[in-house]
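Participant:
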Amino acid sequence: MQKNKTIGSMLIVAGTTIGAGMLALPIASAGLGFTTALLLILATWALMTYTALLMLELHQYANKEATLNTLAKRILGKKGQYVANFSMVFLFYALCAAYIAGGGAQLQEKLTALTSMEIAPQAGSVLLAIMVATIVTLGTSTVDKLNRVLFTIKILVLASLFFVLTPYVRGQHLLDMPVEQGLIISALPVIFTSFGFHGSIPSIVKYVGLDIRTLRKVMIVGASLPLVIYIGWQLLSQGVMAQSALLNSEGLPGFVASISSIAHSPQVSTFVTLFADLALATSFLGVSLGLFDFFADAFKKRNTVSERVITALITFLPPLGFALFYPQGFITALGYAAIALVVLAIFLPVTMVWQQRKTQQADGYQVVGGNLGLVCAGLCGVLIISAQCLQMLGVIPPL
Numbered sequence: 002m003q004k005n006k007t008i009g010s011m012l013i014v015a016g017t018t019i020g021a022g023m024l025a026l027p028i029a030s031a032g033l034g035f036t037t038a039l040l041l042i043l044a045t046w047a048l049m050t051y052t053a054l055l056m057l058e059l060h061q062y063a064n065k066e067a068t069l070n071t072l073a074k075r076i077l078g079k080k081g082q083y084v085a086n087f088s089m090v091f092l093f094y095a096l097c098a099a100y101i102a103g104g105g106a107q108l109q110e111k112l113t114a115l116t117s118m119e120i121a122p123q124a125g126s127v128l129l130a131i132m133v134a135t136i137v138t139l140g141t142s143t144v145d146k147l148n149r150v151l152f153t154i155k156i157l158v159l160a161s162l163f164f165v166l167t168p169y170v171r172g173q174h175l176l177d178m179p180v181e182q183g184l185i186i187s188a189l190p191v192i193f194t195s196f197g198f199h200g201s202i203p204s205i206v207k208y209v210g211l212d213i214r215t216l217r218k219v220m221i222v223g224a225s226l227p228l229v230i231y232i233g234w235q236l237l238s239q240g241v242m243a244q245s246a247l248l249n250s251e252g253l254p255g256f257v258a259s260i261s262s263i264a265h266s267p268q269v270s271t272f273v274t275l276f277a278d279l280a281l282a283t284s285f286l287g288v289s290l291g292l293f294d295f296f297a298d299a300f301k302k303r304n305t306v307s308e309r310v311i312t313a314l315i316t317f318l319p320p321l322g323f324a325l326f327y328p329q330g331f332i333t334a335l336g337y338a339a340i341a342l343v344v345l346a347i348f349l350p351v352t353m354v355w356q357q358r359k360t361q362q363a364d365g366y367q368v369v370g371g372n373l374g375l376v377c378a379g380l381c382g383v384l385i386i387s388a389q390c391l392q393m394l395g396v397i398p399p400l
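Residue numbers (this note's numbering): 2 to 400.
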């Protein structure tokens with residue numbers, strides 16, 4: 002039973018991480034060249050895995066049902082709790098609104114094609130929100146089972162895409178150097194956000210239990226699966242197309258059309274579309290599960306049917322409302338996603354562990370690196386926020 006939960010939790014971490022944004026990685030890193038993009042991806046993976054392990058160091062001294070709300074209040078006090086809660090709600094509501102709007106539009110198109118009936122665009126968003134809310138309300142075990150099925154199909158689709166495109170990879174394309182040094186800074190926020198899964202860590206701790214050895218395995222393997230897939234995807238996308246062609250791609254549709262043309266296969270477009278749908282679904286499940294458990298802890302909701310329904314309404318109604326009535330609001334919010342994620346996944350774990358190590362005995366689990374590791378992680382967070390701000394101000398070139 003425990004082994005089953007461990008594997009399921011690894012896939013929840015990987016499924017939450019590998020969202021539809023993965024498809025934008027080749028475009029975001031087009032001007033970097035393969036080697037530079039690879040180094041940035043590896044560095045980001047190491048940083049995010051390190052801070053995920055810091056979260057486990059925090060959880061070992063708390064109740065297994067504790068979320069960021071409880072941890073921040075216990076270690077940092079009320080002010081720390083307010084910062085943690087704001088960053089969590091801001092980021093996750095924006096993400097859920099984006100998933101509901103984007104996934105709802107895709108669902109509406111598919112239902113219209115399937116039924117030959119004219120279905121209102123809002124109907125797809127409402128239906129998607131109800132479906133995911135129902136699954137999450139049923140509990141982590143239900144999310145785990147569905148996520149396994151979706152993740153398995155996602156990997157099969159990705160393997161098919163690799164099979165079709167691998168013969169067209171050209172070694173010389175992988176030797177390109179960065180076009181502009183500023184593009185390295187521009188790509189940082191995009192690559193960083195593609196490794197975000199930290200909001201679902203408390204849900205996994207609650208599901209697996211406070212077995213630090215097992216949880217370490219979950220975090221390391223769960224974060225490493227996206228790393229392997231991202232490297233393979235970069236190898237294919239940057240190997241199939243010349244750097245100049247990638248830079249001239251008009252967004253994701255142009256990129257997909259170009260690789261379909263190179264491979265002489267219309268199936269490429271089908272595979273990419275299916276992968277995007279599945280990636281959105283698994284990421285939405287992981288994000289909303291983390292937000293659901295966060296609200297259950299923050300509002301002290303019990304594990305009864307009626308109280309779980311109330312928690313689901315708090316979790317899903319606001320992002321659904323934003324997606325339906327104020328779409329520009331969450332699009333603007335997503336522009337600050339990297340900043341909110343830095344606070345959530347780097348600054349808060351680093352600050353809380355720094356404080357906790359002052360008061361707790363050193364006989365518990367402690368992440369390697371000591372205080373120097375904490376300082377380095379914090380400086381990386383400052384660099385990512387600086388990159389996001391410089392890009393927003395137009396100081397460095399946009400992607």
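By construction, the Cβ of each residue, glycine as well, lies at the ideal position given by its N, Cα and C atoms. Treat the numbers as computed from the prediction; the structure is a model and nothing was measured.
1. Confirm, please, whether the CB-CB distance from Leu92 to Leu1 is below 8 Å.
2. From Leu33 to Ile386, what does the alpha carbon distance come to, in whole angstroms?
3. Threshold first: 4 residues or longer. Then list the alpha helix (DSSP H) segments lying entirely within the region 43-118, N to C.
4. Could you check if Ile131 is buried or exposed, using at least 16 other CB atoms within 10 Å of its CB as the buried criterion?
5. What do you get for His174, buried or exposed, if any count of 16 or more other CB atoms within 10 angstroms of its CB means buried?
6. Where does the unbroken alpha helix (DSSP H) through Arg358 begin, and where does it stop?
7. Which residues bound the alpha helix (DSSP H) around Tyr327?
8. Should the region 143-159 be called in touch with the region 298-314, which here means at least 3 C-beta pairs below 8 Å?
9. What are the boundary residues of the alpha helix (DSSP H) that Gln268 is part of?
10. Around the Cβ of Thr17, are there at least 16 other Cβ atoms within 10 angstroms (buried) or fewer (exposed)?
11. From Leu184, Gly105, Gly172, pick the residue whose C-alpha is nearest to that of Ser30; which is it?
12. Among Gln329, Ala258, Tyr62, Gly105, whose alpha-carbon lies nearest the alpha-carbon of Gly210?
13. So Gln235 and Phe87 are in contact, right, with Cβ under 8 Å, and what is the actual spacing, rounded?
14. Looking at Thr141 and Leu451, is the spacing between their C-beta atoms short of 8 Å?
15. Counting C-beta neighbours from all protein chains within 10 Å, is the total for Ser10 16 or more, i.e. buried, or is it exposed?
16. Compare the C-alpha of Leu391 against each of Phe256, Gly22, Tyr337 and name the closest.
17. For Gln356, collect the residues of the same chain with a Cβ closer than 8 Å to its Cβ; drop the 5 residues on either side in sequence, then sort them by chain order.
18. What's the gap between the Cα of Gly1 and the Cα of Ile397?
19. Does the separation of the CB atoms of Leu129 and Ile101 fall below 8 Å?
20. Taking the C-alpha atoms as reference points, what is the distance between Arg217 and Leu57?
21. Please state whether DSSP places Lys302 in a helix, a strand or coil.
22. Mapping the DSSP letters down to three states, classify Ile19 as helix, strand or coil.
23. Round the Cβ separation of Val273 and Leu166 to the nearest angstrom and send it over; I've been treating them as touching at under 8 Å.
24. Below 8 Å on the Cβ atoms is my guess for Leu48 versus Ala264; work out the distance and round it to an integer in Å.
25. Check for me: the alpha helix (DSSP H) holding Ala388 runs from which residue to which?
26. Apart from the five residues just before and just after Val288, which ones in its own chain have a Cβ nearer than 8 Å to its Cβ?
27. At what residues does the alpha helix (DSSP H) containing Thr150 begin and finish?
28. According to DSSP, is Met11 part of a helix, a strand, or is it coil?
29. Identify the continuous alpha helix (DSSP H) that holds Leu176 and give its terminal residues.
30. Is it true that the CB of Leu318 sits closer than 8 Å to the CB of Ile28?
31. Whose CA, out of Arg214, Val376, Thr153, Ala341, lies closest to the CA of Lys4?
32. So Phe326 packs on Met89, CB below 8 Å; how close in whole Å?
Facilitator: In terms of the structure at hand:
1. Outside the shown range of the chain, which is 2 to 400, sits residue 1, and nothing can be said about it.
2. On the sequence shown, residue 33 is found 32 positions in, with the first residue counted as 1. On the sequence shown, residue 386 is found 385 positions in, with the first residue counted as 1. One C-alpha to the other measures close to 20 Å.
3. List check, alpha helix (DSSP H) in window: 69-116.
4. Working through the sequence shown from its first residue, we reach residue 131 at position 130. Counting Cβ neighbours within 10 Å, Ile131 comes out exposed, since fewer than 16 surround it.
5. Taking the sequence shown and counting its residues from 1, one reaches residue 174 at position 173. Its Cβ being crowded by 16 or more others within 10 Å, His174 is buried.
6. Numbered from 1 along the sequence shown, position 357 holds the residue referred to as residue 358. Start and end: 349-360.
7. What you label residue 327 is simply residue 326 of the sequence shown in a count that begins at 1. Run containing Tyr327: none; DSSP gives neither H nor E here.
8. no
9. Within the sequence shown, residue 268 is the residue found at index 267, counting from 1. Counting along the chain, the alpha helix (DSSP H) containing Gln268 begins and ends at 268-299.
10. Mapped onto the sequence shown, residue 17 falls at position 16. Thr17 sits buried, since 16 or more C-beta atoms from the chains shown fall within 10 Å of its C-beta.
11. For the purposes of this step, residue 30 is taken as the residue at position 29 of the sequence shown. Taking the Cα of Ser30 as reference, the smallest distance to any Cα among Leu184, Gly105, Gly172 is reached at Leu184.
12. Position 209 of the sequence shown, counted from the first residue, corresponds to residue 210. Nearest option by C-alpha distance: Tyr62.
13. What you label residue 235 is simply residue 234 of the sequence shown in a count that begins at 1. What you label residue 87 is simply residue 86 of the sequence shown in a count that begins at 1. Taking C-beta atoms under 8 Å as the contact rule, Gln235 and Phe87 fail to qualify, at a distance of about 34 Å.
14. Because residue 451 is not part of the residues shown, which for the chain are 2 to 400, the question remains open.
15. Position 9 of the sequence shown holds residue 10. With 16 or more other Cβ atoms within 10 Å, it is buried.
16. Residue 391 sits at position 390 when you count from the first residue of the sequence shown. Residue Tyr337 is the option with its Cα nearest to Leu391.
17. Numbered from 1 along the sequence shown, position 355 holds the residue referred to as residue 356. Within the same chain, Gln356 has close Cβ partners Ile76, Leu77.
18. An answer regarding residue 1 cannot be provided, because it is not within the stretch 2 to 400 covered by the chain.
19. If you number the sequence shown from 1, residue 129 lands on position 128. If you number the sequence shown from 1, residue 101 lands on position 100. Yes, the Cβ-Cβ distance between Leu129 and Ile101 is below 8 Å.
20. Residue numbering aside, residue 217 sits at position 216 when the sequence shown is read from its first letter. Residue numbering aside, residue 57 sits at position 56 when the sequence shown is read from its first letter. Straight-line Cα distance between these residues: approximately 8 Å.
21. Looking up residue 302 in the sequence shown gives position 301. Residue state, collapsed to three classes: coil.
22. Stepping through the sequence shown from its first residue, residue 19 is reached at position 18. Residue state for Ile19 is assigned as coil, using DSSP reduced to three classes.
23. As a first step, residue 273 must be located in the sequence shown, where it is residue number 272. As a first step, residue 166 must be located in the sequence shown, where it is residue number 165. About 10 Å separates the two Cβ atoms, so there is no contact after all.
24. Walking along the sequence shown from the start, residue 48 turns up at place 47. Walking along the sequence shown from the start, residue 264 turns up at place 263. In fact, because the Cβ distance is near 34 Å, the residues do not count as touching under 8 Å.
25. For the purposes of this step, residue 388 is taken as the residue at position 387 of the sequence shown. Taken as a continuous stretch (DSSP letters only), the alpha helix (DSSP H) holding Ala388 covers 371-393.
26. Walking along the sequence shown from the start, residue 288 turns up at place 287. Same-chain partners within the cutoff: Thr17, Phe93, Leu96, Cys97, Tyr100, Gly200, Ser201.
27. If you number the sequence shown from 1, residue 150 lands on position 149. At residue 150 the sequence reads Val, which differs from the Thr that was named. That run of the alpha helix (DSSP H) goes 141-166.
28. Counting from one through the sequence shown, the residue named residue 11 turns up at place 10. Helix at Met11.
29. Within the sequence shown, the letter at position 175 stands for residue 176. First-last for Leu176: undefined, no H or E at that position.
30. Counted from its first residue, the sequence shown places residue 28 at position 27. Counted from its first residue, the sequence shown places residue 318 at position 317. It is not a contact, given that the beta carbons lie outside the stated cut-off.
31. Counting from 1 along the sequence shown, the entry for residue 4 is found at position 3. Comparing Cα positions, the closest option is Arg214.
32. Numbered from 1 along the sequence shown, position 325 holds the residue referred to as residue 326. Numbered from 1 along the sequence shown, position 88 holds the residue referred to as residue 89. Wrong, their Cβ atoms sit about 23 Å apart, outside the cutoff.
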